[in-house]
Amino acid sequence: MGSRASSLLREEDIEEIKKQTGFSHSQITRLYSRFHSLDKGENGALSREDFQRIPELAINPLGDRIINAFFPEGEDQVNFRGFMRTLAHFRPVEDNEKNKDPTSGEPLNSRTNKLFFAFQLYDLDRDDKISRDELLQVLRMMVGVNISDEQLGSIADRTIQEADTNGDMCISFSEFTKVMPGKAIDITADLQNGA
Amino acid sequence: MESYLFPFDSLICMLLGISFTVLFTLLLVFIIVPAIFGVSFGIRRLYMKSLIKLFEVSELMLSMSVILQRGGAEPEFDMSDIFYFCRRGVESIVDDEVTKRFTAEELESWNLLTRSNYNFHHISTRLTALWGVGVLIRYGFLLPLRVTLAFTGVGLLVVLTSIVGLFPNGRMKNYLSDKVHLMCYRICVRALTAIITYHDSENKPKNGGICVANHTSPIDVIILASDGCYAMVGQVHGGLMGVIQRAMVKACPHIWFERSEVKDRHLVAKRLSDHIADKSKLPILIFPEGTCINNTSVMMFKKGSFEIGCRVYPVAIKYDPRFGDAFWNSSKFGMVNYLLRMMSSWAIVCSVWYLPPMSRMEGEDAVQFANRVKAAIARKGGLADLLWDGGLKRGKVKEVFKEEQQKLYSKVLVGNIWPTFSYEQNIESV
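Here the protein sequences come in this chain order: F and E. The opening position of the first sequence corresponds to residue 1 in the UniProt record's numbering, with each subsequent residue numbered one higher. The opening position of the second sequence corresponds to residue 1 in the UniProt record's numbering, with each subsequent residue numbered one higher.
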């Protein structure tokens with residue numbers, strides 16, 4: 001089924017992606033198949049329209065923000081490398097990785113990198129701070145029309161109050177990490193079973 | 001003791017008699033007669049649409065359970081809630097039905113069949129009750145109905161093909177045989193509650209060619225044969241299958257091989273090419289991945305059918321896994337077990353695409369040709385993933401579904417969730 005697609009991906013590429021992202025060989029070929037089936041224009045890169053064609057993503061309230069996270073600053077095409085880099089943030093942490101050599105550089109799916117991914121979903125203008133407006137925007141996307149502006153405003157204010165430690169009425173990345181619950185934030189099912 | 005039971009005995013008999021009569025009348029009017037004439041009341045499509053709505057609602061409840069069970073007296077906004085939406089978004093990007101097709105799938109949406117829910121834990125009594133009612137309906141009502149239909153269909157096939165076999169060879173016989181085959185397969189299709197959408201019927205296989213299709217389950221034969229007439233290929237079996245095979249071959253020429261003949265590649269190829277050369281005979285239906293349990297037959301068909309050098313009509317069959325897992329893991333389940341599972345699922349929903357015919361090109365050998373055909377089928381089936389909603393016009397429903405998610409999440413934030421949440425309200429608004 002995916003045999004024709006995987007023949008376009010060379011072994012050296014697979015090795016490099018494996019090193020960079022930590023995915024296994026079979027996961028990479030499977031995701032390449034998926035990339036290929038999403039790529040309608042067959043030009044080796046995905047555009048925003050390709051993502052929006054996925055029904056479940058189109059109905060996700062944060063769909064557009066998530067799609068945005070795949071595209072580097074100012075670009076509208078993402079190639080397979082970029083695709084894998086972003087997905088790597090959600091690769092579940094394997095047990096044998098926890099004891100890895102700490103000097104080898106932080107893996108893409110470390111807790112910090114996952115949190116940074118989420119932080120960027122809030123922080124649209126990339127100024128490393130989540131302002132009240134940015135928070136309100138995301139909240140509005142998640143609740144639709146069901147909550148009034150005042151109520152939403154008070155939820156936002158309360159959240160900032162709880163998180164903000166240095167009094168600038170914005171949430172910086174370190175303040176963000178502190179308020180996140182300790183449990184792992186994973187996407188487990190599909191990537192694990194896919195191997 | 002006996003005198004005590006006597007009055008109840010006759011009452012029970014009467015009730016049973018009445019319910020059987022009602023059942024059979026319903027069967028006859030709504031299922032068998034339309035099958036004979038090839039018309040449809042649209043009952044199955046209506047059923048499918050209501051099932052979809054039900055699945056969506058239960059999926060919503062199940063998936064938001066993570067947030068809902070966050071606990072504490074006062075649920076409130078947490079910045080980590082964004083991960084819930086994030087997770088679902090990335091999962092949908094990664095999720096791939098094409099490559100998942102060969103393993104029993106883990107369904108995102110729990111479709112109220114325990115066997116497809118591997119992470120089931122008690123979400124709410126309402127959902128469990130719904131599941132219980134589902135079990136009752138499926139095993140108590142649908143299953144007996146379907147088994148009756150299946151027996152009717154198979155029985156009619158055997159009897160009627162034998163009768164048609166008595167006719168002298170000629171146009172009349174071919175015409176009757178086509179009608180009889182179609183009718184019986186349509187009854188079988190209804191026995192499985194299969195809701196099939198055929199695309200591109202202008203490419204349907206014609207005489208003097210081979211029809212090649214991808215293979216997910218033994219039901220594939222029934223699905224294809226209920227829309228067109230084919231000559232089947234296979235090994236001679238004993239028992240019930242043998243009876244069916246012998247009856248079918250009386251009405252029109254199918255190709256059944258003896259066990260010993262199966263190993264002789266040249267004999268197989270010769271019989272197939274002889275059949276194709278005769279333009280009055282029906283197109284041959286072959287599954288290159290193999291229907292036979294005997295693996296040596298699989299190897300031969302794989303190359304054999306592509307070596308013959310006639311036109312090949314590829315067909316792509318794609319099942320919708322939300323309704324019932326059609327995949328047959330032959331190492332785990334036997335045929336009867338498999339059929340029982342199929343008949344106690346909600347429905348079997350699939351799409352069939354007829355692809356334009358292909359022929360072997362100059363300088364291409366059989367293996368390359370086979371790969372080219374398989375690639376064409378895979379491509380068509382793969383495209384089905386993202387265009388799956390085409391036949392159902394779910395575009396509108398999807399927007400509403402997004403709003404439903406937002407509504408539910410808002411309820412979580414504002415803090416009045418479980419006590420007042422009722423999914424009846426959701427079904428109407430969806």
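For each residue, glycine too, the CB sits at the ideal point set by N, CA and C.
In terms of Cβ geometry, S226 of chain E and L285 of chain E do not form a close pair [threshold 9 Å]. At a C-beta separation below 7 Å, F23 of chain F has no neighbours in chain E, since its nearest C-beta there lies roughly 11 Å away.
Using a C-beta cut-off of 8 Å, the region 186-195 of chain E makes no contact with the region 159-170 of chain E, since fewer than three inter-stretch Cβ pairs fall below that distance.
Residue state for A347 of chain E is assigned as coil, using DSSP reduced to three classes. Judged by their CB atoms, T197 of chain E and Y319 of chain E are not nearer to each other than the 9 Å cut-off. Residues of chain E with a Cβ closer than 7 Å to the Cβ of F80 of chain F do not exist; the shortest Cβ-Cβ separation is about 13 Å. Residues K129, I130, S131, R132, I160 and D164 of the same chain have their beta carbon placed closer than 8 Å to that of C170 of chain F, with the five preceding and five following residues left out of the count. Contact with chain E is found for I171 of chain F, since one of that chain's Cβ atoms lies less than 9 Å from the residue's Cβ. Within the region 23-52 of chain E, contact with chain F at the beta-carbon level (separation under 9 Å) is assigned to no residue. Uninterrupted beta strand (DSSP E) stretches at least 3 residues long and entirely within the region 184-236 of chain E occur at 194-199, 209-213 and 231-235, given in chain order. Inter-segment contact for the region 199-206 of chain E and the region 352-361 of chain E is present: three or more beta-carbon pairs are separated by less than 8 Å.
Contacts with chain E at 9 Å (Cβ-Cβ) include A118 of chain F. Straight across, the Cα-Cα distance linking L142 of chain E with I219 of chain E is about 18 Å. Going by DSSP, V243 of chain E is part of the alpha helix (DSSP H) stretching over G239 to A251. Listed by position along chain F, the residues whose Cβ is nearer than 9 Å to that of M358 of chain E form an empty set, because the closest Cβ is around 16 Å away. The C-alpha of S345 of chain E lies about 39 Å from the C-alpha of F80 of chain F.
Segment contact: the region 14-34 of chain E against the region 163-177 of chain E, fewer than three CB-CB distances shorter than 8 Å; contact not assigned. Taking the CA atoms as reference points, R126 of chain F sits about 7 Å from Q120 of chain F. DSSP places P34 of chain E outside any beta strand (DSSP E); the residue lies instead in the alpha helix (DSSP H), whose first and last residues are V33 to F37.
Rounded to the nearest whole angstrom, the CA to CA distance from P55 of chain F to E404 of chain E is 15 Å.
Among the CB atoms of chain F, none fall inside 9 Å of the CB of D227 of chain E. The beta carbons of L46 of chain F and V78 of chain F sit about 5 Å from each other, so the pair counts as a contact at 8 Å. Look at P107 of chain F here: in three-state DSSP terms it is coil, with no helix or strand label. Shown here, V373 of chain E sits in a helix according to DSSP, grouped into three states. For Q406 of chain E, the neighbours in chain F by C-beta distance under 7 Å run, in chain order, P61, M142, V143, G144 and N146. Counting along the chain, the unbroken alpha helix (DSSP H) around Y84 of chain E starts and ends at D81 to V94. If the five residues before and after V180 of chain E are omitted, its C-beta is found closer than 7 Å to the C-beta atoms of L160, T161, V164 and A251, all from its own chain and listed in chain order. If you draw a 10 Å sphere on the C-beta of Y175 of chain E, you find fewer than 16 other C-beta atoms in it, and that means exposed.
Under the three-state reduction of DSSP, R53 of chain F is assigned to coil, being neither helix nor strand. Secondary structure at N68 of chain F: helix, using DSSP grouped into helix, strand and coil. One thing to note: V212 of chain E has its Cβ within 9 Å of the Cβ of F287 of chain E. In the DSSP assignment, M172 of chain E is bridged to no other residue.
No Cβ of chain E is located within less than 9 Å of the beta carbon of I17 of chain F. DSSP places N79 of chain F in the strand class (E or B) of the three-state scheme.
In the same chain as I348 of chain E, and ignoring 5 residues on each side of it, the C-beta atoms closer than 8 Å to its own belong to L192, T193, A194, I195, I219, Y319, F323, G324, A326 and M342, in chain order. Listed by position along chain F, the residues whose Cβ is nearer than 8 Å to that of R88 of chain E are E56 and N60.
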